[in-house]
Amino acid sequence: MTDNAQPGRVGYRDIANDLRRQIDAGSLPPGSRIPGENDLMSQYGVEQPTARRALDVLKNEGLIAAKRGSGTFVREFKPIRRVSPDRLQANTSWGSGKPIWNTDVGTRPRTEGVTVEVELPPAAVAEVLRLDDGARVVVRRRRYVVDDKPVQLATSYYPEALVAGSAIAEINTGDGGAYARLKELGHGPTRFREELRARMPRDTERELLGLAQGTPVILIVRTAFTADDQPVEVNEMVLDSAAYVLEYKFTTED
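The sequence shown stops at residue 254 when you use full-length UniProt numbering, and every number in between is there.
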């Protein structure tokens, strides 16, 4: 198409499709600069609104991102591989005093903006935790940063009656994190359930994660249960979908 473009005959979707093919083929590799509006106008023989709409299509697909004062570039994808259920195994992760992040990135990410509050839980959380009316929860909120890039927001809810006075109600939960502290309290988790869905981010999530235009998030809600099936934590995680590959391992054995 680039050699045969004729004025008035090329639409914005044609341009977007052509650039997408170049990205997929590797002729426009990650980090490479995308032609600007003026270049596209000249190359394809189109007006500025058509060139702009073509770039907007690729931005909304999360394939390219604009850098203020520098231009528009193909997004670089260096994924964090989130491996389940390996990351929750007590003998190799939190049970041995290590953060569960070691399974994902090999190092502890920087944790920012940690807050701990005692609140009334959202109705859905209260239902999952099987709380009585009026029962409160300890809420831990934080943001995780890897290589100076925010990649995840997390909000954890614990029954106040279960964790009051423990390190879970402090900013620093200590080695092994909250699951190790739950074990010390006699409520160590032995089973987890994770529910996943994708959606577009809320404005605050987009700002806190520094998301490019058109980037969806992955919402993971994890519930931790004890051996006697008592729910002890609900953790709502919002992940930058461009930063993650989710890997799950299964066997055919019971």
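We treat Cβ as the ideally placed atom computed from N, Cα and C, and that holds for glycine.
Since we're looking at a predicted model, the values are computed, not measured.
Annotated three-state conformation of residue 242 is helix, per DSSP. Under the rule that a run must span 3 or more residues, the beta strand (DSSP E) segments found entirely inside the UniProt domain "HTH gntR-type" (9-77) read 64-67 and 71-74.
Residue 136 carries a coil assignment under DSSP once its states are collapsed to helix, strand and coil. With respect to the 8 Å criterion, residue 62 and residue 210 are not classified as neighbours on the basis of their beta carbons. Note on geometry: alpha-carbon atoms of residue 57 and residue 176 lie some 44 Å from one another. Residue 224 holds the alpha-carbon nearest to the alpha-carbon of residue 190 among 149, 15 and 224. DSSP places residue 113 in the uninterrupted beta strand (DSSP E) bounded by 110-119. C-alpha of residue 198 to C-alpha of residue 71: approximately 29 Å in a straight line. It is roughly 4 Å from the alpha-carbon of residue 64 to the alpha-carbon of residue 74. In the pairwise beta carbon analysis, the stretch 151-158 is classified as touching the stretch 227-245: at least three pairs are separated by under 8 Å.
By the neighbour-count definition (other C-beta atoms within 10 Å, threshold 16), residue 156 is a buried residue. Residue pairing from DSSP places residue 223 in a beta bridge opposite 193 and 234. The continuous beta strand (DSSP E) containing residue 154 extends over residues 149-159. Distance from the CA atom of residue 242 to the CA atom of residue 79, rounded to whole angstroms, is 7 Å. For residue 202, there is no enclosing beta strand (DSSP E), as DSSP marks it with neither H nor E.
In this model, residue 83 and residue 244 are separated by some 10 Å (Cα to Cα). Here residue 118 is exposed, its C-beta having fewer than 16 other C-beta atoms within 10 Å. In the DSSP assignment, residue 181 falls within the unbroken alpha helix (DSSP H) covering 177-184.
The Cβ atoms of residue 135 and residue 161 sit closer than 8 Å to each other. In the three-state reduction of the DSSP assignment, residue 247 falls in the strand class, which pools E and B. Judged by their CB atoms, residue 178 and residue 233 are nearer to each other than the 8 Å cut-off. Annotated as distal: residue 113 and residue 140, with beta-carbon spacing of 8 Å or more. Taken through DSSP and simplified to helix, strand or coil, residue 80 comes out as strand.
Straight-line spacing of the CA atoms in residue 170 and residue 231 works out to 21 Å. DSSP, read as helix, strand or coil, puts residue 130 in coil.
Assigned with DSSP and collapsed to three states, residue 218 falls in strand.
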